[in-house]
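Peer 1: Sequential numbering from 74 applies to the sequence shown in the working numbering.
Backbone N, C-alpha and C define an ideal beta-carbon position, used for all residues, glycine too.
If you scroll down you'll find the structure; I have some questions about it.
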Amino acid sequence: MQFQRFQKSEYGRLPHDPGVYKFYDDTEIIYVGKAKDLRKRVSSYFTKTTGADRKTFRLVQEVVYIEVVIVNSEFDALLLENSLIKENQPKYNILLKDDKSFPSICVTYERFPRIYSTRRIDQSLGQYFGPYTSVKAMNNVLDLIRKLYKIRTCNYNLSEANIAKGKFKVCLEYHIGNCLGPCEGLQTEEDYLKDISQAKEILKGNIAVVRRSFQKLMNDAASDLNFELAQTFKEKLEYLEKFQSKSLIVQQKITNTDVFSILYDKEFSFINFMMIDNGSIKISETVEVKNNLADNAKDVLIQAMLTLREKYQSRNAEVLTNIDLPDWLEMSISVPKIGDKRKLVDLSLKNALLFKQEKIQRAEKARLNKSPVLEELKSALKLKELPIHIECFDNSNMQGTNPVASMVCFRNGRPSKKDYRKFNIKTVVGPDDFASMYEIVTRRYSRLRDEGAEMPKLVLIDGGKGQLGAATKALKDLGLYGQLPIAGIAKKLEEIYVPEDPIPLHISKKSQALKLLQHLRDEAHRFAITFHRQKRSKQSLQSKLDSIEGIGKATKDKLLLEYKTISKMKKADLNELAHLIGNKRAHALKSALERDS
């Protein structure tokens, strides 16, 4: 079944309708769930950061995109979710994979069978119905059976010999009318098994069989003027009516049917197709069709019907649609006006409308992405594409020590901090900014190239001609020069340098495009400086510990993990230190720190 797809970050655009959602990682379905309100339920995964268990936290980290489909009720969502979990076996739907964790209803093989819920399956004990995806739904079935029939809840061994010996006494369930006392022989086995037989029909979903039986018993009692008994059966019929819920996901009266609906516009049409197989929706797909000038809604729908039926090899003879079609097609086509078939057509239209709304929203989002600032920057630097993805590089070192670098990423003119990167300089010795720039640009884009990842629309270098030249050489050596636009921004005069042009570009100081480049440059510088300070502080801390006799690597790691800073180690109690690293090392550490003070 193909659902409507959303990116992970677009959960706020899901509809406020009941339905089913699927979470995907890069390759497969990892979770299937149901919701009374799709937007509220899916949003809760990404907005509630506290109280989530480790499984949920890990699930959220792995989600790449989401697929949803709308249904008419929460019960419909439950049934469809059950079908999809059985079909796809997602790794985070643990309950379904483990029968012991998924509740079923057991009808035992005892002389007077019991009916109860269980999570353990032992076929030698009884006949099992389920498993149930919802404990609430299962309990509703059990409650109905207990209201309709007098089924015992005790676990006595009601053999003929035990009953004849009078080993058991009736309990409270008998006195309040929930049991007829088979334990004392007050109910025959034949009478009891009649109730069990009808209870099994309910568990199988054959409500009509039970309804006809109660209807006949009620009429017979009324004919015999036994109105009190007739009222009892009438109440049972009412229980059945309240319990039974007509579902569009599993509708036994509608079988082997195709449903098509179309939303027609002058330029585009949106068509939803649902294939009903043995009472269940097996396929649901929405397609977009670009209309030709001569097309009308009927022509478009007929073409789509033939294509989709062929694609899914449907041979269903009955077709339901929302518009009238010619009779020459070799199938029975109708436009239902009322009833369950009309509900199916309305559901199909609802999914087509969701697809259309999503397309409109995506187009609006793309329009908004063309911000005036990015348009101005594109014009100023004579770029071929709008720079919606910019990466900026900067180096940081102090007299050649602890050389590091940073890369910050802006998307749609705003910082995308999850895409920021830190670099330890590995191949350069001493304060060589040009060689450091060559290294980090090479490392960054060789990796993106090898992984086939998205490349930026603009590479910005914090520096003038020298740093820009080093970065440009790196792109040339990678074979990416000409594919990635690159520029440098000098600090003093805010001059913009581009490759192969000796004259810098001056952008107006009031320009929003220049302010965006300055923001990128300053953010890269801040990020690099912060990383450099962290590294220098850590190295300073480690060097002090390295100078203390008896403090080895393992001891140093323990101290750093526990106290983080020298000042905290100084304040620590000697006994506390001795408990962590031993008495001898603790005394050596305390003495060294006191001398240092």
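So, for serine 469: in the same chain, excluding its five sequence neighbours on each side, which residues have a beta-carbon less than 6 angstroms away from its beta-carbon?
Peer 2: Closer than 6 angstroms at the Cβ level, and outside the excluded window around serine 469, lie Val477, Ala601, Ile602 and His605.
Peer 1: Does the distance between the C-beta of leucine 253 and the nearest non-hydrogen atom of the ligand ZN fall short of 8 angstroms?
Peer 2: In the structure shown, the ligand ZN is absent, as is every other ligand, since no ligand is present at all.
Peer 1: Let me know the secondary structure DSSP gives glutamine 533 once reduced to three states.
Peer 2: Residue identity check: residue 533 is leucine in the sequence provided, not glutamine. Strand, per DSSP.
Peer 1: Within its chain, find whatever has a CB closer than 7 angstroms to the CB of arginine 225; leave out the 5 residues flanking it on each side and keep chain order.
Peer 2: Hits under 7 angstroms: Phe185, Arg187, Cys252 and Pro255.
Peer 1: Can you tell me whether leucine 650 is buried or exposed, with buried defined as 16 or more other CB within 10 angstroms of its CB?
Peer 2: Leucine 650 comes out buried.
Peer 1: Out of curiosity, what's the CA-to-CA distance linking leucine 393 and glutamine 162?
Peer 2: Cα-Cα distance, rounded: 32 angstroms.
Peer 1: Can you pull the DSSP bridge partners for alanine 560?
Peer 2: Per DSSP, Leu533.
Peer 1: In chain order, what residues of the same chain have a beta carbon less than 7 angstroms from the beta carbon of isoleucine 498, not counting five sequence neighbours either side?
Peer 2: Answer for isoleucine 498: Pro476, Val477, Ala478, Ser509 and Glu512, listed in chain order.
Peer 1: Using the DSSP secondary-structure output, state which residues sit across from histidine 462 in a beta bridge.
Peer 2: Looking at the DSSP assignment, histidine 462 forms a beta bridge with Arg484.
Peer 1: Does the distance from the CB of isoleucine 375 to the CB of proline 409 come in under 9 angstroms?
Peer 2: Result no, Cβ atoms of isoleucine 375 and proline 409 do not sit closer than 9 angstroms.
Peer 1: Kindly indicate the opening and closing residues of the alpha helix (DSSP H) around threonine 181.
Peer 2: Looking at the DSSP string, threonine 181 is not in any alpha helix (DSSP H); the run it does join, the beta strand (DSSP E), is 177–181.
Peer 1: If I measure Cβ to Cβ from histidine 579 and keep anything under 7 angstroms in the same chain, skipping five residues before and after, which residues do I get?
Peer 2: Same-chain partners within the cutoff: Glu568.
Peer 1: Serine 197: which of Ile562, Lys491, Ser190 and Tyr182 sits nearest, CA to CA?
Peer 2: It is Tyr182 whose Cα lies nearest to the Cα of serine 197.
Peer 1: Please classify arginine 219: does DSSP put it in a helix, a strand, or coil?
Peer 2: Residue state, collapsed to three classes: helix.
Peer 1: Taking the alpha-carbon positions, what's the phenylalanine 241 to asparagine 213 distance?
Peer 2: Rounded to the nearest angstrom, the two C-alpha atoms are 30 angstroms apart.
Peer 1: According to the Cβ coordinates, are aspartate 45 and glycine 555 closer than 9 angstroms?
Peer 2: Only positions 74 to 670 of the chain appear in the structure, and residue 45 is not among them; the question remains open.
Peer 1: Can you grab the Cα-Cα spacing for the pair valine 283 / leucine 151, in whole Å?
Peer 2: Their Cα atoms are separated by approximately 24 angstroms.
Peer 1: Assuming valine 332 and isoleucine 344 are in contact, meaning their beta carbons sit under 8 angstroms apart, how far apart are those beta carbons, in whole angstroms?
Peer 2: Valine 332 to isoleucine 344, Cβ: 11 angstroms. No contact.
Peer 1: Indicate the three-state DSSP secondary structure (helix, strand or coil) for phenylalanine 333 in the structure shown.
Peer 2: The answer is strand: DSSP assigns phenylalanine 333 an E or B state.
Peer 1: What do you get for valine 216, buried or exposed, if any count of 16 or more other CB atoms within 10 angstroms of its CB means buried?
Peer 2: The question names valine, but residue 216 is aspartate in the sequence shown. By the neighbour-count rule (16 or more Cβ atoms within 10 Å), aspartate 216 is not buried but exposed.
Peer 1: Could you check whether phenylalanine 346 and alanine 377 sit closer than 9 angstroms to each other, using their CB atoms as the reference points?
Peer 2: For alanine 377 and phenylalanine 346, yes; Cβs fall inside 9 angstroms.
Peer 1: Anyone know if the C-beta pair for isoleucine 534 and cysteine 482 falls short of 9 angstroms?
Peer 2: Contact: no.
Peer 1: Per DSSP, methionine 348 forms a beta bridge with which residues?
Peer 2: Answer is Asp331 and Ile356, bridged to methionine 348.
Peer 1: Answer with buried or exposed for valine 137, where buried requires no fewer than 16 other C-beta atoms within 10 angstroms of its C-beta.
Peer 2: Counting Cβ neighbours within 10 Å, valine 137 comes out exposed, since fewer than 16 surround it.
Peer 1: Closer than 8 angstroms is the cut-off here; do at least three beta carbon pairs connect the segment 79–96 with the segment 129–148?
Peer 2: Touching, per the Cβ criterion.
Peer 1: Which of the three DSSP states, helix, strand or coil, is assigned to leucine 393?
Peer 2: DSSP places leucine 393 in strand when its eight states are reduced to three.
Peer 1: Residue range of the beta strand (DSSP E) that glycine 106 falls in?
Peer 2: Looking at the DSSP string, the run of the beta strand (DSSP E) that includes glycine 106 is 102–108.
Peer 1: Should the segment 287–306 be called in touch with the segment 255–269, which here means at least 3 C-beta pairs below 8 angstroms?
Peer 2: Counting Cβ pairs under 8 angstroms, fewer than three are found: no touch.
Peer 1: Identify every residue that forms a DSSP beta bridge with glutamate 55.
Peer 2: With the chain represented from 74 up to 670, any question about residue 55 goes unanswered, as that position is not in the structure.
Peer 1: What beta strand (DSSP E) runs, 3 residues minimum, are completely inside the segment 557–605?
Peer 2: With a minimum length of 3 residues, the continuous beta strand (DSSP E) runs that stay inside the segment 557–605 are 559–562.
Peer 1: Taking only the alpha-carbon atoms, compute the straight-line gap between isoleucine 639 and lysine 663 and give it to the nearest angstrom.
Peer 2: Computed Cα separation, rounded: 11 angstroms.
Peer 1: Thinking C-beta only, is threonine 545 closer than 9 angstroms to isoleucine 559?
Peer 2: Yes, the Cβ-Cβ distance between isoleucine 559 and threonine 545 is below 9 angstroms.
Peer 1: Going by beta-carbon coordinates alone, are serine 117 and leucine 87 separated by less than 9 angstroms?
Peer 2: Not in contact: serine 117 and leucine 87 (Cβ atoms no closer than 9 angstroms).
Peer 1: Between the Cα of glutamate 527 and those of Gly542, Arg484, Gly537 and Thr500, spot the shortest distance and give me the residue it belongs to.
Peer 2: Considering only alpha carbons, the answer is Arg484.
Peer 1: Between tyrosine 636 and the rest of its own chain, which residues show a CB-CB distance below 7 angstroms, the 5 nearest in sequence each way excluded?
Peer 2: So the list reads Met642 and Ala645, once near-sequence residues are dropped.
Peer 1: Let me make sure I understand the geometry here. Which of Lys438, Phe496, Leu590 and Gln607 has the alpha-carbon closest to that of serine 82?
Peer 2: The candidate whose alpha carbon is nearest that of serine 82 is Lys438.
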